[in-house]
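Structure record follows, encoded as structure tokens.
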Amino acid sequence: MYIKRIFVLLLLVGFVFVLGGCATSTKKGDDLQVQGLRDQISLLESQVELKDDEISDLKDVIWELNQKQAKKSPKLESPKPSTKDIQMALSSAGFDPGKIDGKMGQRTKEAVRAFQKANDLKVDGKAGKETWGLLQVFLEKPVK
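Sequential numbering from 432 applies to the sequence shown in the numbering used here.
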């Protein structure tokens with residue numbers, strides 16, 4: 432998103448320099464061109480901002496759909512996931528468990544609590560059946 436915005440701005444700034452360097456332009460003509468370019472930049476910035484908002488909204492919709500699907504999906508056969516699986520799923524879900532080392536440290540417990548709170552589960556810091564039932568969907572997704 433930001434790369435596109437920077438690219439558009441650099442492109443428009445380049446046009447300003449190219450057009451500003453024309454020897455045949457008058458001062459008034461230059462001012463009009465610069466103002467026109469500024470207006471275009473403002474318009475493009477607002478369009479980029481709208482697209483950023485759309486993307487954010489779509490991410491929220493995807494998150495909600497994943498949550499609904501996780502509640503409907505069958506539970507894993509393994510009743511107790513490994514700590515490393517929990518950490519990888521938390522990371523994919525956007526909750527930072529710290530270093531993925533297979534150890535249930537403080538940061539992993541805090542990430543589990545944050546996940547539980549975000550999903551209206553009992554907040555105890557343990558990846559029990561309900562927590563893992565929702566969290567396991569994120570195990571197959573790439574880490575953010």
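We put the CB at the ideal spot given by N, CA and C, even for glycine.
Alpha carbon of residue i to alpha carbon of residue j, nearest angstrom
| i | j | result |
| --- | --- | --- |
| K575 | D516 | Any reading at K575 is ruled out, since the residue's pLDDT is 48, under 50, leaving its predicted position unreliable. |
| D483 | K502 | 29 Å |
| A542 | G525 | 9 Å |
| D470 | S477 | 11 Å |
| V554 | F448 | 58 Å |
| Q464 | L443 | 12 Å |
| T562 | G529 | 19 Å |
| S513 | R538 | 16 Å |
| K534 | G556 | 14 Å |
| K511 | Q500 | 20 Å |
| I472 | I437 | 11 Å |
| N550 | D488 | 18 Å |
| M519 | Q567 | 10 Å |
| E490 | D462 | The sequence shown places Lys at residue 490, not Glu. If I take the Cα positions, the gap works out to 42 Å. |
| D532 | L440 | 42 Å |
| L474 | E495 | 32 Å |
| L527 | G445 | It should be noted that the sequence gives Asp, not Leu, for residue 527. D527 and G445: Cα-Cα distance of roughly 41 Å. |
| F569 | G536 | 20 Å |
| E571 | L565 | 13 Å |
| L521 | E480 | 29 Å |
| G559 | K548 | 14 Å |
| N497 | G467 | 45 Å |
| V492 | E485 | 11 Å |
Residue range of the alpha helix (DSSP H) that includes residue i
| i | result |
| --- | --- |
| V543 | 537-549 |
| Q567 | Where Q567 is concerned, there is no enclosing alpha helix (DSSP H), given that its DSSP letter is neither H nor E. |
| A520 | 514-523 |
- Query: Which runs of the alpha helix (DSSP H), 4 residues or longer, sit entirely within the stretch 432-495?
  - Reply: 433-451
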